[in-house]
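Protein sequence lines, in the order shown, are assigned to chains L and V. Everything in the first sequence is counted per this note's numbering, starting at 1 for the first residue and increasing by one. Everything in the second sequence is counted per this note's numbering, starting at 128 for the first residue and increasing by one. Below is one structure, written out as structure tokens; the observations come after it.
There are 2 protein chains.
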Amino acid sequence: MATEVFTHLPEEHDHKLTAEFARDHLPSEEELFDLAELFKVFSDSTRVRIMCALSQTEMCVYDLVELLGASQSAISHQLRLLRTSRLVRSRRVGKHIFYSLDDDHVSSIIRTGLEHLRHTKGEHDHE
Amino acid sequence: MATEVFTHLPEEHDHKLTAEFARDHLPSEEELFDLAELFKVFSDSTRVRIMCALSQTEMCVYDLVELLGASQSAISHQLRLLRTSRLVRSRRVGKHIFYSLDDDHVSSIIRTGLEHLRHTKGEHDHE
DNA sequence: TGAACATATGAATAACTGTTCATATGTTAT
DNA sequence: ATAACATATGAACAGTTATTCATATGTTCA
């Protein structure tokens with residue numbers, strides 16, 4: 001009379017139906033590809049640090065070299081990537097080229113990411 | 128051969144000062160590293176598609192295989208990564224193992240990313 | 001029990017990515 | 001024009017990563 005335990009349920013789970021449902025509610029394949037490309041830019045610690053720094057203040061290349069302790073070449077290469085991804089813009093002042101964020105979404109994405117980290121850090125501290 | 132090098136005239140822009148300023152206002156090196164690690168998970172189109180699908184509905188592995196047209200092995204490998212990153216969780220029902228998002232921040236990050244894409248897409252359509 | 005199904009996993013590989021090194025381009029002052 | 005400075009860039013190399021293949025584990029059903 002107690003609860004009867006079903007060791008197996010005859011649930012018919014329809015893959016094709018579920019897949020179809022999800023497909024109808026998903027962004028286009030192309031958009032999801034672009035999205036991954038966007039996050040790829042955020043997926044390197046040198047680049048995140050650059051973006052984070054630029055969210056504080058405009059900086060020239062050598063400032064970033066000083067700040068991050070990376071080689072001038074490395075920074076320059078990463079800045080090019082950020083430039084072609086339209087996440088930063090640059091303006092020349094004499095010998096210097098100053099970089100700044102091109103878009104408010106950049107810091108927004110970084111902020112959300114940090115929020116997530118801090119949140120889950122508090123949740124499961126152990127392990 | 129200690130050549131006496133004249134350090135050039137003071138410029139209007141001080142690298143060390145700017146770097147110092149930014150350093151004081153930056154998250155810790157460790158946190159920025161973790162942040163990059165987090166975004167790394169979002170930086171593959173297969174994984175983004177998985178997460179996006181799971182933000183709609185719980186799905187089992189084969190649903191995802193159907194939906195994404197990738198091999199069962201590939202999906203499984205990516206799910207493991209998502210699992211160990213604590214971005215998805217799983218529960219077993221008979222033969223199936225159902226996956227779902229483990230955290231609201233996941234869809235939040237995806238949403239912000241998509242927002243950025245759509246925004247900038249509209250801004251500069253040309254080139 | 002064995003057969004069929006659902007998922008996981010280790011190893012191998014091909015493709016990609018970030019850094020370094022060497023060098024080039026562009027700018028300013030002498 | 002030359003030197004010194006600031007930045008950019010191509011090539012090469014080492015390290016990483018996503019997929020595939022083969023196989024293993026776990027579950028249900030006859």
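Note that CB positions come from ideal geometry on N, CA and C, so glycine has one too. These numbers were taken from a predicted model, which means no experiment stands behind them.
In whole angstroms, what separates the C-alpha of residue 193(V) from that of residue 143(V)?
Inter-residue distance for residue 193(V) and residue 143(V) is about 55 Å (C-alpha atoms, whole angstroms).
Applying a beta-carbon distance threshold of less than 9 Å, which residues of chain V neighbour residue 48(L)?
Correct list: 159, 160, 162, 163 and 166.
Which residues of chain L have a Cβ atom closer than 9 Å to the Cβ of residue 209(V), listed in chain order?
Residues of chain L passing the Cβ test: none, with the nearest at roughly 14 Å.
Going by DSSP, what residue range makes up the beta strand (DSSP E) through residue 91(L)?
88 to 93
Spatial neighbours of residue 195(V) within its chain, please: CB distance less than 8 Å, with the 5 preceding and 5 following residues excluded, ordered by chain position.
173, 176, 177, 180 and 202
Give me the residue from 97(L), 33(L), 38(L) and 31(L) with the minimum Cα distance to residue 84(L).
38(L)
Start and end of the alpha helix (DSSP H) containing residue 42(L)?
Note, residue 42(L): premise wrong, no alpha helix (DSSP H); not H, not E.
By the criterion of Cβ-Cβ separation under 7 Å, what are the contact partners of residue 62(L) in chain V?
142
What is the DSSP secondary structure of residue 54(L), reduced to helix, strand or coil?
helix
Should residue 206(V) and residue 226(V) be called a contact, given that it needs their Cβ atoms to be closer than 8 Å?
yes
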